[in-house]
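> Handing you a structure now.
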Amino acid sequence: KFPNIVEAHVFNQALRLAPDQLDSYRPQQLPRTPTRLVVVFIALSCAPGLAEPHRPTAMQLRPGATVLRKAVVASSIAAPTPTCALCRFPSPPSRIHRASIHASHRRDSAWAAAVQVASNMVGNVVKKAANDGMTIDPLRTVAKEMKFLTGNIRKLLGSGHPSLDRVAKYYTQAEGKHVRPLIVLLMSRATHLCPKNAHPEFPQSSRAIDSSISPIQILADVNPSAMPLTSREPEVPEGNLDILPSQRRLAEITELIHTASLLHDDVIDHSVSRRGSPSANLEFGNKMAVLAGDFLLGRASVALARLRHVEVVELLATVIANLVEGEFMQLKNTERDERSPKWSEETLSYYLQKTYLKTASLISKSCRAAALLGNADNTTVDAAYSYGRNLGLAFQLVDDMLDYTRSGKDLGKPAGADLELGLATAPLLFAWKQNPELGALVGRKFEREGDVQTARELVLQSDGIEQTRALAQDYSDRAIAAIADFPDSEAKDGLIEMAQKTIQRQK
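Residue 589 is where the sequence shown starts when you use our numbering, and the numbers rise one by one after that.
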């Protein structure tokens, strides 16, 4: 861990050089860089015939983190300094003798030249990082866990009925963004370093969370894909785990609930495409799509119960209720559902409450559950929830904004669908404040001919999109502030990057 500095590790790899040309390893402390991830290795090229593999290379500090896109090659050629005969021998006394007699030569030696090259290289890399916006890749931080995510979800969804098995797994065939499980895994890893409560009394092993609580013959739950439910990974001592098996399963449960909501939403919204493919309701019909969504919620509930953590079960169970409540709130654009409503601050509050229930509830409660499963203290648990709540609101605000600014091809789903469905989202609500005539259109849910086009033009002519972006940025900033006290880690950096990318995303 390098909280305040970057060490440029300068050492000699040219083993064919004479002993007097070999300098011992010594780190040089340099100013902290924006990325805090740069380590430079330099192989001194003091011999004319030194092979190319021994030339210097810039590498990343943390294994597996994609930071530097290209290797940096440099060399330091310095003439050997005169030494006495004793310095030719590599014995310890000779090393001491050499250091005491020839210390004044060090500033003119190959070592000094190498240090200067290292300093220049680090300075150039830091400058490039600042100019290019070099950042942490959140997915890279939990790449191992994400690699097994879809496979594990498909195992959870197995059914003895072939048709149900096919429909239930349909949305797992086209890879989605997997934003929600990614956030859960990052939060699990970030809170691993936070203060803990007492040791848990619920199971943390993969075998325990796959085990039924009631007798199998009573459950009558046939799942041909369920053996094993989790991927075969090397056993890791529990004390060394920074993402627990229960937290990995929570990420899978979160994606199951989200996918179930997509199946139901596509039926309600009459969607024709999802993730670049025909929607499930179009492919299999409304009845099978609804039943498949119910089946996913059932499978999620079983997996949730087997975590054997009462508060986590309560949190995720209320998410399912919140999704339904949010859908009912969306049946009308204002709380009073008037035919000719007038804009008020309550209108925006109603929209934000609906947005929390439909989108932010799952993200916020999953983040809180991840912290609970990791035995984090109450302060950390509350911070995790606050991060998820604010990030979820920012995410949906950007989603509503993209409905006006991007094409259906870019989004992988129909664009401009909100107005067609009679929905007044944030860009229109802000435009309504500037254009009172939108009230009548909102009241009749844009059902008359020309209403959709008129509303869209008024939104684009106003600053509704800019105000929506500003509000989303505010929630993103709040999310980042919520985890400010978390210990520095790649996972924390990933969470921050997720909040920033939420504002920048184009689909």
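The beta carbon of each residue, even a glycine, is placed where N, CA and C say it ideally should be.
Run through the DSSP bridge pairs and tell me what serine 802 is partnered with.
DSSP, once it has assigned bridges, lists no residue as partnering serine 802.
> Report the option in Thr1013, Ala1087, Glu915 and Ile908 whose CA atom is closest to the CA atom of glutamine 1061.
Ala1087
> Which residues does DSSP pair with alanine 964 in a beta bridge?
Residue pairing by DSSP places alanine 964 opposite Lys784 in a beta bridge.
> State the DSSP-derived secondary structure class of proline 833, mapped to helix, strand or coil.
If DSSP states are grouped into helix, strand and coil, proline 833 belongs with the helices.
> Closest by CA to glutamine 835, which one among Leu895, Asp854, Arg862 and Ala877?
Leu895
> For leucine 1029, report the span of its alpha helix (DSSP H) as first-last.
1026–1031
> Between phenylalanine 983 and leucine 1007, is the Cβ-Cβ spacing less than 8 Å?
no
> According to DSSP, simplified to helix, strand and coil, what is alanine 863?
The sequence given here places arginine at residue 863; alanine does not occur at that position. Coil, per DSSP.
> Using a 10 Å radius around the Cβ and a threshold of 16 neighbouring Cβ atoms, would you call glutamate 1085 buried or exposed?
buried
> Taking the C-alpha atoms as reference points, what is the distance between glycine 746 and glycine 881?
Going by the C-alpha atoms only, they are around 14 Å apart.
> What do you get for histidine 749, buried or exposed, if any count of 16 or more other CB atoms within 10 angstroms of its CB means buried?
exposed
> Going by DSSP in three states, aspartate 1051 sits in which element: helix, strand or coil?
coil
> Contact check, leucine 1016 vs glycine 1052 under 8 Å by CB: the rounded distance?
Yes, leucine 1016 and glycine 1052 are in contact; Cβ-Cβ is about 6 Å, under 8 Å.
> Assuming alanine 893 and isoleucine 801 make a contact with CB atoms under 8 Å, what is their CB distance in whole Å?
7 Å
> So, using beta-carbon positions, are serine 954 and threonine 847 closer together than 8 Å?
no
> Check for me: the alpha helix (DSSP H) holding glutamate 913 runs from which residue to which?
898–917
> Quick one: which unbroken alpha helix (DSSP H) runs of 4-plus residues sit fully inside the stretch 1035–1081? Chain order, please.
1039–1049 and 1052–1070
> For serine 1050, tell me which candidate among Arg1066, Pro1024, Ala1069 and Ile1091 has the shortest Cα-Cα distance.
Pro1024
> By how many angstroms is the C-alpha of leucine 850 removed from the C-alpha of valine 860?
Each residue's Cα considered, the two are about 12 Å apart.
> According to DSSP, simplified to helix, strand and coil, what is alanine 1094?
One point to set straight first is that residue 1094 is glutamine, not alanine, in the sequence displayed. Residue state, collapsed to three classes: coil.
> Considering glycine 881, what are the terminal residues of the alpha helix (DSSP H) in which it resides?
Per DSSP, the unbroken alpha helix (DSSP H) holding glycine 881 starts and ends at 874–893.
> Got a sec, what are the start and stop residues for the alpha helix (DSSP H) asparagine 740 sits in?
737–744
> Under the assumption that arginine 863 contacts tyrosine 759 (Cβ atoms under 8 Å), give the Cβ distance between them as a whole number of angstroms.
7 Å
> So, methionine 734 versus leucine 744, is the Cβ gap smaller than 8 Å?
no
> Suppose you measure from the CA of methionine 989 to the CA of leucine 1059; what does that come to, to the nearest Å?
11 Å
> Less than 8 Å between the beta carbons of alanine 839 and leucine 737, yes or no?
yes
> Per DSSP, what kind of secondary structure is valine 730 in: helix, strand or coil?
coil
> Report all residues from its chain with a CB closer than 6 Å to the CB of alanine 1067; omit the five preceding and five following residues, and keep chain order.
Tyr975, Asn978, Leu979 and Ala1087
> Using CA coordinates, which residue listed in Thr1090, Ala1079 and Val1030 is at the minimum distance from alanine 731?
Ala1079
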